Each structure stands twice: as C-alpha cells, then as structure tokens.
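Enquirer: Just so it is clear: in the sequence shown, position 35 is 35 by the working numbering, and no numbers are missing. From the three backbone atoms N, C-alpha and C, an ideal C-beta is built for every residue, glycine too. Fair warning: this is a prediction, and the values are worked out from it, not measured in the lab. I am attaching a structure below and will ask some questions about it afterwards.
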Amino acid sequence: MDFETLCLHAGYTPKNGEPRVMPIVQSTTFKYESTRAVQQLFDLEAPGFFYSRLANPTVDYVEQKIAALEGGVGALCTSSGQAASFISLLTICKAGDHVISASSIYGGTFNLFAVTLKRVGIEVTFVDEKASPEELEKAFRPNTKAVFGETIANPSMDVFDIEKFAKLAHAHKVPLIVDNTFATPYLCRPFEFGADIVVHSTTKYLDGHATTVGGVIVDSGNFDWASSDKFEEFVVPDDSYHGLIYTKAFGKAAYIVKARAQMMRDLGCAQGPQAAFYINLGLETLPIRMDRYCENALKVAKFLKTRDEIEEVRYPGLEDSPNYALAQKYLKKGASGVISFSLKGGRDAGAKFIDSLKLATLQVHVADIRTCVLHPASSTHRQLTDKQLVECGITPGLVRFSVGLENAEDIIADIAQALEKVYA
Ligand SMILES: *Cc1c(COP(=O)(O)O)cnc(C)c1O
C-alpha cells in the first residue's frame with residue numbers, strides 16, 4: 001500500500017460486523033480467564049493487553065499506523081513529544097553516558113538535554129550541524145550512546161543532513177535519532193537515509209488540528225544492538241523480566257520493546273485512547289494537508305521575500321535558501337508549513353507585527369490547521385541566554401510563522417496589512 005492508503009487503512013482493519021471507524025477502548029484493564037495467561041503477559045511471552053499504561057488497543061492501532069508510515073518495525077506512543085524524546089534516549093542511556101545533538105533544535109528539547117538530562121548524569125554536547133564530518137568527529141567520546149537532530153529544526157528551519165550524521169553515528173556504533181515532527185513521514189522518511197529511530201511531537205502536523213498533545217517513538221529495526229559493544233542492556237538478561245534478553249527475544253524490535261517494557265512501565269508517560277483517536281483522525285488526512293501546507297507556505301515565503309521590511313526569510317523551499325540543496329534531497333515533496341523571518345527593527349518590530357495581525361493568531365503552538373504565529377525569544381525559547389538563542393539559530397526579532405490551510409491570498413493580505421501598521 002502506498003502512503004495515502006496507509007494513512008487510511010494501516011493499523012485498524014475491522015472484521016465482519018465490527019465498527020468501520022477505529023473504536024476508542026476506554027478501559028484501563030482487560031479480563032483474563034487464567035493466571036497462566038496473565039503470567040505470560042507479564043513475562044512478555046505472549047502479546048496482549050493487560051494494563052493501559054503499557055498498551056491499549058486504540059493506542060496500538062495508531063502505533064501500527066505510524067510505524068507503517070515511517071517504515072519502521074514498531075512504535076510507542078507517549079503522552080507528549082517531550083516524553084518521546086526523553087524515553088528515546090533513556091532506553092539506551094544511563095548516568096555517565098554522553099549524547100551528541102544538533103544545536104538547532106526545539107527549545108523544549110534543548111532544555112531537556114541541557115538541564116534535565118544533565119541532572120540525571122547524561123551529558124549532551126551540542127554541535128553545529130553544518131560542520132564538516134571531520135569537525136563533528138571530535139565530539140564523539142567512548143561513552144557516546146546516540147546522536148540526535150531534527151529533520152527541519154524548530155524554529156531555525158535548518159534542514160538536518162541525515163545521511164551525514166547517520167554515517168558518523170554508525171562509524172561509532174551508535175544510533176541516530178531524528179525528530180521528524182516538522183517534516184512528517186509524508187515529506188521525509190528518515191529511515192531511508194540511515195536514521196535508526198524517529199521521534200515526533202504528534203501534537204503538531206500528525207494530529208494537525210490543535211486538539212491533542214502527544215508523541216511517538218518509531219524503531220526502524222535496523223540498528224544492530226548486539227554487535228555494538230556499547231549496549232550491554234540489550235544482550236544481558238533483564239532481571240525485571242525473569243532474565244529475558246531483548247535482542248534474543250525480540251530481534252529487530254528489541255529497542256521499541258525495551259522502551260515500552262522498561263521505560264513506559266517505569267515512567268508511565270502513556271498516551272490515552274482518546275488522544276490516540278484524535279491523532280488517528282489527523283493521520284487520515286495527513287497527505288492532503290501537507291501538500292496544501294507546503295503550497296501555501298511557499299507562496300507566503302515568496303511574498304515575504306518581496307518586502308523590504310523583512311531582513312531575512314528562512315524557508316528551505318526558497319531557491320536562495322542556504323538549506324535549499326538539503327531540502328531538494330530530503331524534502332522532495334515540499335518544505336512543510338513553517339516560515340521563520342526577521343523584521344527590520346528587531347524585537348519591537350516583531351512584537352508590533354504580531355500584535356497587528358488579524359487572521360493569524362498568536363499561539364504557543366505550531367503546525368495548527370489555522371495560521372498561527374509566535375515570537376520564540378519571548379516564549380518557547382525564553383529561558384535561553386542570547387548566546388544559546390544564537391546557537392539554536394534564533395535572533396531576538398525572529399517571528400515563527402506557521403502557515404495554515406486558509407486561502408494563501410488571505411494569509412498574504414493579513415501579513416501585508418500588519419506590515420503597513422508596523423512601518424506606518
Ligand atoms: C513541539 C515539539 C516538541 C515537543 O512536543 P510536545 O508534544 O509539545 O511535548 C518536540 N520537537 C519538536 C520539533 C516540536 O516542535
């Protein structure tokens with residue numbers, strides 16, 4: 001089945017007389033007839049549901065669908081994108097370990113890495129993702145366990161060279177984890193370029209309607225945990241599951257099973273069935289929405305380029321963008337719906353512009369179906385110092401403009417009238 005078909009049919013397939021639409025199984029627990037059956041579930045010897053913190057049928061359908069869309073062997077939904085990033089690393093890292101991350105990443109992830117992971121003893125080195133392989137090589141240490149980056153960075157809109165980083169990571173026998181939130185698997189499937197694990201904030205384009213906070217981790221099944229000497233926990237018996245060995249028991253799905261069996265069990269940031277239902281509704285229309293986002297955003301970006309009031313427009317789909325070559329390689333169908341731009345006059349002009357918009361609304365969100373706008377320096381990235389801001393690819397006057405599915409001419413007219421007010 002092709003992508004569009006998978007969006008509608010992967011995961012849930014009703015049998016004779018069953019609901020056509022994926023049902024919401026609003027139950028924390030499941031009934032069994034024998035203690036033996038429950039024992040097998042607890043020992044991970046048989047598949048099945050026993051408690052919705054670990055797995056729930058509705059969430060499971062959505063996990064199967066997203067795994068199919070990314071081309072992976074399995075997925076784990078989480079309560080938020082933050083939880084997905086955290087669990088994706090904690091499944092393979094412990095205190096004393098080290099991670100390499102692109103510096104242009106979402107502010108929340110930057111905080112998680114720079115502050116919270118540090119507190120639990122995991123150190124993250126931030127690298128300039130545009131640096132040469134030779135330069136990036138220097139960041140690796142004997143205790144490095146993973147490399148992390150965003151396909152399209154929020155909000156710098158830098159495109160991540162997945163292949164370059166996959167080669168480096170694999171040379172050091174560690175996996176590459178890619179946050180594919182802004183691209184979605186419709187525009188880019190990172191596994192095809194060598195990424196091993198993908199995470200998403202499903203809150204953004206996958207849900208797409210601004211109804212539900214959620215996240216997901218997808219496992220490509222391609223990383224060979226057993227042949228790297230860095231991931232002992234995959235090949236030695238897990239005492240918390242009666243001596244089970246992940247690579248032996250689950251083969252290609254070792255990582256995603258471990259993420260669920262250990263991390264979701266212990267941390268409990270599970271997705272609920274209602275949330276999964278809403279995310280599924282979004283997934284059903286993902287391809288047509290993404291096409292329109294890309295089309296609208298390119299029109300808006302081209303309009304912004306014609307305006308003297310605007311200092312810089314960052315959209316990887318623009319031919320003169322420094323990210324254009326990478327976008328041609330990784331984002332063949334389009335460069336997604338977000339544009340970052342700086343107005344002449346810095347912070348004040350940016351704020352006045354946002355306050356003057358009528359159609360586009362000020363929201364702490366991105367990838368909404370409606371056009372929305374945000375000033376990162378005073379919101380999502382507020383806690384960062386100016387130096388950290390610049391490292392994340394953000395200037396104080398940067399506006400993050402998330403183009404919606406309205407008529408592009410209406411969005412452009414709104415921007416034009418706001419610009420008139422700022423520079424009146
Ligand atoms: C929003 C976002 C996150 C965090 O996801 P939440 O669902 O808000 O927890 C992570 N990565 C990127 C790229 C994001 O845009």
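1) Compute every distance between the C-beta of G108 and the non-hydrogen atoms of ligand 1, then say whether any falls below 6 Å.
2) Strictly by DSSP, which residues pair up with C93?
3) Going by other Cβ atoms of all chains shown within 10 Å of its Cβ, with 16 needed for buried, is E63 buried or exposed?
4) Would you list the residues sitting across from S201 in a DSSP beta bridge?
5) Ligand 1 and D207: does any heavy atom of the ligand fall closer than 6 Å to the residue's C-beta?
6) Taking Cβ to Cβ, would you say A67 is nearer than 7 Å to V218?
7) Looking at C-beta atoms only, is the number of pairs between the stretch 88 to 96 and the stretch 113 to 131 that lie closer than 8 Å three or more?
8) For Q271 versus S79, is the C-beta spacing smaller than 7 Å?
9) Determine the DSSP secondary structure at K145, reduced to helix, strand or coil.
10) A195 and V178 - do their beta-carbons sit closer together than 7 Å?
11) V390: buried (16+ other C-beta within 10 angstroms of its C-beta) or exposed?
12) Check whether the stretch 306 to 313 and the stretch 94 to 101 are in contact - that is, three or more C-beta pairs closer than 8 Å.
13) Name the residue from D368, A171, H375 and F191 whose alpha carbon lies nearest to the alpha carbon of L343.
14) Using three-state DSSP, classify I279 as helix, strand or coil.
15) Which same chain residues end up closer than 7 Å to T426 when comparing Cβ atoms and leaving out the 5 residues on each side of it in sequence?
16) Report the CB separation of N111 from Q417 in whole angstroms; it is logged as a contact under 8 Å.
17) Does the pairing of the stretch 404 to 412 with the stretch 283 to 303 give three or more beta-carbon distances under 8 Å?
18) Cβ of T202 within 7 Å of Cβ of I279?
19) The alpha helix (DSSP H) spanning G350 covers which residue range?
20) Using only the alpha-carbon positions, how far apart do K333 and G317 sit?
21) Taking the alpha carbon of G346 as the reference point, which residue from P175, A153, H9 and L398 has its own alpha carbon closest?
22) Which class does G121 belong to by DSSP, given the choice of helix, strand or coil?
23) Hey, is G81 close to ligand 1, as in C-beta under 6 Å from one of its heavy atoms?
24) With a floor of 4 residues, list each alpha helix (DSSP H) that falls wholly inside the stretch 313 to 392, ordered by position along the chain.
25) Identify the continuous beta strand (DSSP E) that holds C77 and give its terminal residues.
26) For ligand 1, any of its heavy atoms closer than 6 Å to the Cβ of V178?
27) Return the CA-CA distance between M264 and I105, expressed in angstroms with no decimal places.
28) For the alpha helix (DSSP H) containing L286, name the first residue and the last one.
29) Less than 6 Å between the CB of T181 and some heavy atom of ligand 1, yes or no?
30) If you check the beta carbons only, do K138 and V174 fall under 7 Å apart?
31) Quick test of your reading: A102 and F160, contact by CB under 8 Å. State the CB separation rounded to the nearest angstrom.
32) Going by DSSP, name the residue or residues bridged to R189.
33) Could you check whether G393 and R370 sit closer than 7 Å to each other, using their CB atoms as the reference points?
34) By how many angstroms is the C-alpha of G208 removed from the C-alpha of C188?
35) With a floor of 4 residues, list each alpha helix (DSSP H) that falls wholly inside the stretch 149 to 176, ordered by position along the chain.
36) Can you say whether N154 is buried or exposed, counting buried as having 16 or more other CB atoms within 10 angstroms of its CB?
Expert: Considering the structure as presented:
1) The residue you call residue 108 lines up with position 108 of the sequence shown. The answer is yes for G108.
2) What you label residue 93 is simply residue 93 of the sequence shown in a count that begins at 1. None; C93 has no bridge partner.
3) What you label residue 63 is simply residue 63 of the sequence shown in a count that begins at 1. Label assigned to E63: buried.
4) For this step, residue 201 is matched to residue 201 along the sequence shown. Bridge partners of S201: G215.
5) As a first step, residue 207 must be located in the sequence shown, where it is residue number 207. No, ligand 1 has no heavy atom inside 6 Å of this Cβ.
6) Looking up residue 67 in the sequence shown gives position 67. Looking up residue 218 in the sequence shown gives position 218. Yes, they are a contact pair.
7) yes
8) In the sequence shown, residue 271 corresponds to position 271, counting from 1. In the sequence shown, residue 79 corresponds to position 79, counting from 1. Their beta carbons are under 7 Å apart, which means Q271 touches S79 by this criterion.
9) Position 145 of the sequence shown holds residue 145. K145 falls in the strand class under three-state DSSP.
10) Reading the sequence shown from its first residue, position 178 is the one you call residue 178. Reading the sequence shown from its first residue, position 195 is the one you call residue 195. Contact flag set, yes.
11) Sequence index remark: in the sequence shown, residue 390 carries index 390 (1-based). With fewer than 16 Cβ atoms within 10 Å of its Cβ, V390 is classed as exposed.
12) no
13) On the sequence shown, residue 343 is found 343 positions in, with the first residue counted as 1. Taking only the C-alpha atoms, the option nearest L343 is H375.
14) On the sequence shown, position 279 is the one that residue 279 refers to. Of the three classes helix, strand and coil, the one that applies to I279 here is helix, per DSSP.
15) This structure does not reach residue 426, given that the chain is present from 1 up to 424, and the question cannot be answered.
16) On the sequence shown, position 111 is the one that residue 111 refers to. On the sequence shown, position 417 is the one that residue 417 refers to. The pair is not a contact, with the Cβ atoms about 36 Å apart (cut-off 8 Å).
17) yes
18) In the sequence shown, residue 202 corresponds to position 202, counting from 1. In the sequence shown, residue 279 corresponds to position 279, counting from 1. Yes. Within cutoff.
19) Locating residue 350 in the sequence shown gives position 350, where the first residue counts as 1. First-last of the alpha helix (DSSP H) with G350: G346 to S356.
20) By one-based count along the sequence shown, residue 333 stands at place 333. By one-based count along the sequence shown, residue 317 stands at place 317. Computed Cα separation, rounded: 10 Å.
21) Within the sequence shown, the letter at position 346 stands for residue 346. Of the candidates P175, A153, H9 and L398, the one whose C-alpha sits nearest the C-alpha of G346 is L398.
22) Residue 121 sits at position 121 when you count from the first residue of the sequence shown. Three-state DSSP puts G121 in coil, outside helix and strand.
23) As a first step, residue 81 must be located in the sequence shown, where it is residue number 81. For ligand 1, at least one heavy atom lies less than 6 Å from the Cβ of G81.
24) 324 to 330, 346 to 356 and 386 to 391
25) In the sequence shown, counting from the first residue as 1, residue 77 sits at position 77. Its beta strand (DSSP E) spans residues G74 to T78.
26) In the sequence shown, counting from the first residue as 1, residue 178 sits at position 178. No.
27) Looking up residue 264 in the sequence shown gives position 264. Looking up residue 105 in the sequence shown gives position 105. One C-alpha to the other measures close to 24 Å.
28) Taking the sequence shown and counting its residues from 1, one reaches residue 286 at position 286. Where L286 is concerned, the enclosing alpha helix (DSSP H) stretches over L286 to K305.
29) One-based indexing of the sequence shown puts residue 181 at position 181. It does: the Cβ of T181 is within 6 Å (strictly closer) of some heavy atom of ligand 1.
30) Along the sequence shown, one-based indexing puts residue 138 at 138. Along the sequence shown, one-based indexing puts residue 174 at 174. No; because the gap between Cβ atoms is not below 7 Å, this pair is not in contact.
31) As a first step, residue 102 must be located in the sequence shown, where it is residue number 102. As a first step, residue 160 must be located in the sequence shown, where it is residue number 160. Contact holds; Cβ gap of about 6 Å.
32) Stepping through the sequence shown from its first residue, residue 189 is reached at position 189. Paired residue(s): none; R189 is not in a bridge.
33) Here residue 370 is taken as the residue at index 370 of the sequence shown, counted from 1. Here residue 393 is taken as the residue at index 393 of the sequence shown, counted from 1. Taking 7 Å as the Cβ cut-off, R370 and G393 do not qualify as a contacting pair.
34) Here the question's residue 188 lines up with position 188 in the sequence shown. Here the question's residue 208 lines up with position 208 in the sequence shown. C188 and G208: Cα-Cα distance of roughly 17 Å.
35) 162 to 171
36) For this step, residue 154 is matched to residue 154 along the sequence shown. That one is buried.
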